[in-house]
Each structure stands twice: as C-alpha cells, then as structure tokens.
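Undergrad: Quick one: this structure, given as structure tokens, is what I'll be asking you about.
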Amino acid sequence: MNKFTNLLAKEIRELITKQLIFSLVFTFVLFYFIGQIAKSEARRAAAPQKIAALDLDGSDVSRNLLQSLATKSYKRAAVYLIEPAPGKTREAAVEALRKSSTNFLLVIPAGFGESVARFEAKPVETFTFMKSFSIAASRNSAVFTAVLSYLNSIMSDEYLKQKIAGIAPENLKNPIKSKDFVIIKDRMEEGSASDITGFVFSQSFFIPIILMMIIIYSAQMVISAIAMEKQNKTLETLLTVPIRRTSIVTAKMLAAGLVGLLSAAIYMLGFRFYMGGLMGNMAARSDMSQIIRKLGLTMDAKAYIILGVSLFFAILCALAMATILGVLAEDFRSAQSLVMPMVFLVLIPYLISFIADFRTLSLPIKIIVLAIPFSHPFLAVQNIMLGNYQSVLLGILYMLVVFVILVVAAARIFSTDKVLTMKLRWGRKKVVL
Amino acid sequence: MENVLDVNGLKKFYGSLEALKGIDFQVGKGEVFALIGPNGAGKTTALRIVATLLSPSDGKVTFLNHDLKKNPDKFRENISYLPEEAGAYRNLKGTDYLKFMARFYSGSEDKEKEFLERAQAIAGLGERLKEKVGTYSKGMVRKLLLARALMTRPALAILDEPTSGLDVINSLEVREIIKRFAREGISVLLSSHNMLEIEFLSDRVALIDQGRILDQGTSRELKDKYQAPNLEIVFRSALQ
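Those sequence lines, one after another, are chains W and D.
If you count the first sequence from 1, you need to add 5 to reach the numbering used here.
If you count the second sequence from 1, you need to add 3 to reach the numbering used here.
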C-alpha cells in the first residue's frame, strides 16, 4: 500500500463511523416507511369515492341525477360509488354516518324535481365528514366541487336540449375550442403548456435536491475531517510524516467526496421512495411521456454525463472551499458553524431553481448567482433540457477556474504555518497566534 | 561528536510578536539535548520549527546537512515528533494506528513488521492494542504515541514534554525507554518543565526564556557554573 492509499484508507475509515451508518440506515428506513404510507394513502384517495345519497325528493329528476353520478367513469373505472344513506331524515343520516367509513353525504331536498322543472334553484345539501387533516384527506375537500360541477353540467345539457333542439349543448356552453401547441426551440408538439410544465417538474424536481445534498454532504465531511484532526490533536503528527502536504489535502478531499457521494446516494434512494409514494401516479402518464420525448425534454445518457461533469466540478469547488474553511475550525463544534456559509451558497441557487426563472432575474442578481460556483449544476438541469449546451459548458469552465484557484489556496495554506495558526473566533477579528 | 542538527540564529515572528530572538544550539548523534524554560519561553516553537511544522522567520536549521527551508522532506523522512498535546485516531485500533503510521516510513512489508514489533515492545500495551484508541487512558495513549515516535528508530526524535500527563510509574517507564533508545544511537531533542526529568535524561541542556537561550551545557557544567545544587536553582540564577 503506497503512502497516499494508506492515507486515503485512513480518511475513509475515520469518516465512516457507526454514527454515520446508523444515521444513514435510519433515514433510509424512515423515508421508505413514510413513502409506503403515502403510497397506500394515495391509492385509497384514487379509489372510487363512496357517497351516501339521501333522496328526500324521490322524483325522476333526482333519481336520474344519482343514476348518472353512479355511472360516471374515468378510464373504465367508476369515480363514485353511490349508496343509499342510512336513516330517513337528514339528521338520522348524519348521525349514522358519523362513525362509518363514508365521508360524504349528498341530500336532495323534497321538491327538488319541481323546482328544476320551473328553472328555480333549490339547493342540494352536501356534508363532508372531516376525520383528519393529512395531505390525502385534503383531497376530500374537492369531491363535492367535482360532483356539483358534474351534476350542473348534466342538468344544463338537459335544459339546453329541451329549449334549443338540434344544437349540441357542449357547443353552446363552450363555443370556442382550442388546440394547444407547445414550442421548444425548433420542436413543436400538441399539448398543454401547464400539463407539460407540471409533468417535467414532477419528473425532474428531485435533481436539484440531489445536487444540494451531495454538495452540502461532501463539504460537511471535509470540514469535519480537518476539524476532527485538530480536536483530536492528530494534525500536528500527520503534518510531520514524510508525505507531501498536497497529498494530505487531496486524500481528505477525495475521501470526503466519496463518503459524501455515498451518503447522498443512500439519502436520495430513500427520498425517491418517499416522493414515489407521494407522486406515484404522475410518472404513469405515458401519453405525456411521449410528448415530452418528442419535445426533447427528456434527459438522455449524454445529458446525464454533462450534468454529472457539472456536478463533479461543483463538488470539487465545494471540497476545496470546505478545506479552507476546515482549517479555520478549532474543533468539531466550530466546524458545524463553518458549514453554514456553504449551505447558504448552495441554498441560493437551489431556491432560485425552484421559484424563479433565471433569465428574468435582474442583472446584479444574475451576476451574484453566476458567481456562486454551485449555481451552475442547478442551472445546467434546465439548460440541458432546453438544449442550451453552451451555457452549461461555460459554467463547467468557470467552476474549473474557481476550483484551481481554491485548490492552490488550500494547498498553500497546508504548506505553510497557516494550517496551524489560522483560526476564526466568533465575535472577534481573525486572530493569528 | 558529529552533529545531526545545527540551529543557528533561529528567529520566529507571530505577527509582531518575536517568539524566538535568534537562538543557536546543536544536537550530536546519540545525544539527548533538552530545552528548559517557563511557559511561553519559545521551547515548543523551536521544536515545531525543527519538526517542519512551522517555518523559520530567519536563521538556519540544518539536519544531516540538509537545509530545512530547501528540503523539509528530508527532515520528515528522518525525524519523528511527539507534540505535548498529541492524540491518536480514536476510531482506529492501537495496532491499526501503528500500522498506519509505519507505512509512511517502511517501504516494505518486512520493514513494516519490524516497526510494529518494536512499537508493541515500546508501548507495552499487550492485548489492549487490539482495542480502539478511544477506549485508552491518557497514559496508554501517551505510550502508544511514544511507541509511534520511536518505532522507526529516527535519526532525531523531537519530544515535547514526553511525560506530560503521566503518573509517576508511567513517567519512569517512558524515561527509561527514551534513555535506552538514546544509548542505541538515536538523537533526542526534548523540552520539559520537569527539571528532575531533564537531569535524568539529558546530556546537555539549554536554558531558554523569552525567546533567548540564556545558557547551555551539561547539567554538571551548569550546576558548577552557577554553584547550584540542581537545575531549578541554575535556572533561577541564570534568569537573575
């Protein structure tokens, strides 16, 4: 085993502690568990909604309405299961349903059919039994909105058929139709812009999260590794062994990068289970997948390689920056504080990638964002999808320059007294001993 | 006696603070040379410079005819340094720590084995070497570190307060080990507050205060010169 491999192996062994393994396994299991719960909740929410109906009118109109509601289907699956409400009165039905698994009660009042015949509004009554406030339960709030919209549509179609014979009611209600097209660069496909945006977001929104986690993890690892050397009083001995200082810096950065990548990969795997549970049905829309593919919005192997290179250079910048910050730390505790500036530097592009369009930002903010080396892999995701490879390559070039500057600075610090004398004390100016 | 280490006009500044004001001393082959002085006198700074941790602001340090500024790597290949407040990697077992350190000097498996056997004999920790360093007492860690420093039989061992934090029995053992290695030809540069320890271990002593060497010689020479019964009185007289 040569000196560098010896050092690298030690660094990795120092980083992979029982605490780290426990934390990774625990988080993975937790994400997986929550994901499974979310998946079963989503499945339950997608199942036909049971609606208890109390028809106090008993007219043909009310019976037909309930009949059409019961036969409404989407992709050959029933949307609503209409069941007779228990009890003969509204109060009795409400009381009986309180303890049942049915969450919805629709009451059609007496005289509803006659009112309809006179074109007078006679309100139906809807009751939603709120038994929890989870995300899955929040879907309950939309059930009666959809039911009433559907019933109104049926009723109005019926009226129009009676009053204006020979014209399709749909053409009267929505006389203007549209065919929607989306254009991306030189490609054009039929589809709704909002649907495509939603689909692309659902498929790619986790990429910035992966980027953020990998960068922060790697930085934290290297800062902690250097701080632990100081806290355990091992750094002085290490600096006097016959190995080049640049090798010490490189071994620390490489080990932290590898363990950071591994940790982030395990976290992300767990996170995918979690998000897969929440958004499982989005990926199943094959019609949308085809449009996305035709518009060139998918990430092929080449795109992933370019994104990987961009991420690789961002990690290198983070490691070099963290190495310099690690020298300033006195112990493990102060190292945790020193990670914060880097977290902010990663959070800025992370949040901007979610909430803003980079092109529409003001010039000073654009300059600030571009100056942060970690911004470039975040921007690369959209740029690659939109085919702006030149911007991605310029970003990689910029990160390379920043990395070279930082690594030269880090190596210089490790080659001089500064590695032992540089300290950052909160509340005071930098003190050199 | 052939000198392994020559320090001439060594100065060190920390910002505007002059920690060493041009000190001179030499260490011969197989000689134990000690720096004694109060806290802040500059002992550790001098040791750290020779150990290549700090760079000198001025002056010349040569080791086996290699200049410190020009060739620090040659220093590192032939010295070993035991800092006053040193630790070992808590997650490694004692043997793994020794192996890790031995590999920087060994170059072959046979040599590595030889270093390890020597280290195990010096440390005297027996089966405890198979346990993690995090479970060791302060005395055990110090012995492990001393074993690490001496296992390669360096041309110069730099020991800063080698018995720091040790009880009487452990201190005696450590002193015996240092003495034995010096007899076998290893040069030692050490610092200590403990005058008895210095008297027992050192061939020659330098009295250092506020970055200057006040006087140097063998314990006998210094005691005769200052007509003092021990080094503590010598030091007080030299200060006056």
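Even for Gly, the Cβ is constructed at its ideal location relative to N, Cα and C.
Please state if the CB of W/F379 and the CB of W/I357 are separated by a distance shorter than 9 Å.
TA: Not a contact, by the Cβ cut-off of 9 Å.
Undergrad: Taking 8 Å as the cut-off, does the stretch 202-214 of chain D touch the stretch 28-47 of chain D (at least 3 CB pairs, one atom from each stretch)?
TA: Output reads yes: the stretch 202-214 of chain D touches the stretch 28-47 of chain D.
Undergrad: Starting from D/F118, follow the alpha helix (DSSP H) in both directions and report where the run begins and ends.
TA: Per DSSP, D/F118 belongs to the alpha helix (DSSP H) from E112 to A126.
Undergrad: Do we get a CB-CB distance below 9 Å when we pair W/V246 with the residues of chain D?
TA: So yes, W/V246 belongs to the interface.
Undergrad: Tell me the rounded alpha-carbon separation between W/V99 and W/A51.
TA: Approximately 24 Å, taken between the alpha carbons.
Undergrad: Among D/H69, D/M104 and D/G97, whose alpha-carbon lies nearest the alpha-carbon of D/Y84?
TA: The residue with the shortest Cα to Cα distance from D/Y84 is D/M104.
Undergrad: Using the C-alpha atoms, what's the distance from D/R223 back to D/K96?
TA: When rounded, the distance between both Cα atoms is 44 Å.
Undergrad: How many Å lie between W/N7 and W/L324 at the Cα?
TA: In a straight line, the C-alpha of W/N7 is about 23 Å away from that of W/L324.
Undergrad: Using three-state DSSP, classify D/P86 as helix, strand or coil.
TA: Note: D/P86 maps to coil in three-state DSSP.
Undergrad: Measure the C-alpha to C-alpha separation of W/S67 and W/A47 and round it to an integer number of angstroms.
TA: If I take the Cα positions, the gap works out to 32 Å.
Undergrad: Taking Cβ to Cβ, would you say D/A126 is nearer than 9 Å to D/L162?
TA: Contact flag unset, no.
Undergrad: For chain D, find out if any of its Cβ atoms is closer than 9 Å to the Cβ of W/K104; answer yes or no.
TA: Cβ-Cβ to chain D under 9 Å: no for W/K104.
Undergrad: Residues in the same chain with beta-carbon distance under 7 Å from W/G118, minus the five sequence neighbours each way, listed in chain order, please.
TA: Cβ neighbours of W/G118 beyond the five flanking positions: D62, S64, D65, V66 and S67.
Undergrad: Can you tell me whether DSSP reads D/Y139 as helix, strand or coil?
TA: DSSP places D/Y139 in coil when its eight states are reduced to three.
Undergrad: Reducing DSSP to helix, strand and coil, say where W/P369 ends up.
TA: Helix at W/P369.
Undergrad: Would you mind telling me which residues of chain W sit closer than 7 Å to D/D76, beta carbon to beta carbon, in chain order?
TA: Near D/D76 (Cβ distances below 7 Å), the residues of chain W are P247.
Undergrad: Give the interface partners of W/L425 over in chain D, defined as CB-CB distance under 9 Å, in chain order.
TA: The contacting residues are R51, L56 and L57.
Undergrad: Measure from the C-beta of D/A124 to each C-beta in chain W and report whether the shortest distance is under 9 Å.
TA: No, D/A124 does not count as interfacial toward chain W.
Undergrad: Can you list, in chain order, the residues of its chain with a C-beta nearer than 8 Å to that of D/F184? Leave out the 5 residues immediately preceding and following it.
TA: Closer than 8 Å at Cβ, skipping near neighbours: L153, R156, A160 and V191.
Undergrad: Between which two residues does the beta strand (DSSP E) carrying D/G62 extend?
TA: Note, D/G62: beta strand (DSSP E), D61 to F66.
Undergrad: Return the CA-CA distance between W/M218 and W/I372, expressed in angstroms with no decimal places.
TA: Computed Cα separation, rounded: 24 Å.
Undergrad: Per DSSP, which residues does W/H381 bridge with? Please list them.
TA: W/H381 pairs with nothing; no bridge assigned.
Undergrad: Does any CB atom of chain W fall closer than 9 Å to the CB of D/S83?
TA: Taking Cβ atoms only, chain W reaches closer than 9 Å to D/S83, which makes this a yes.
Undergrad: Rounded to whole angstroms, how far is the Cβ of W/E175 from the Cβ of W/D185, which I believe are closer than 8 Å?
TA: Not really, about 18 Å apart at Cβ, beyond 8 Å.
Undergrad: Since W/D422 meets chain D, which of its residues come closer than 7 Å, beta carbon to beta carbon?
TA: Those are L57 and S58, listed as they occur along chain D.
Undergrad: In angstroms with no decimal places, state the Cα-to-Cα distance between D/N42 and W/F349.
TA: Cα to Cα, the separation comes out at about 42 Å.
Undergrad: Can you name the residues of chain W whose CB is closer than 9 Å to the CB of D/Y108?
TA: Near D/Y108 (Cβ distances below 9 Å), the residues of chain W are V246 and P247.
Undergrad: Please identify the residue among D/E87, D/I52, D/G188 and D/F238 whose C-alpha is closest to the C-alpha of D/P75.
TA: That would be D/I52, whose Cα lies nearest to the Cα of D/P75.
Undergrad: In or out: D/R145 buried (at least 16 other Cβ within 10 Å) or exposed?
TA: Looking at its Cβ environment, which holds 16 or more other Cβ atoms inside 10 Å, D/R145 is buried.
Undergrad: Would you decide whether W/M347 is buried or exposed? Buried here means 16 or more other CB atoms lie within 10 Å of its CB.
TA: Its Cβ being crowded by 16 or more others within 10 Å, W/M347 is buried.
Undergrad: Using the Cα positions of W/L35 and D/A44, report the straight-line distance between them to the nearest angstrom.
TA: Rounded to the nearest angstrom, the two C-alpha atoms are 57 Å apart.
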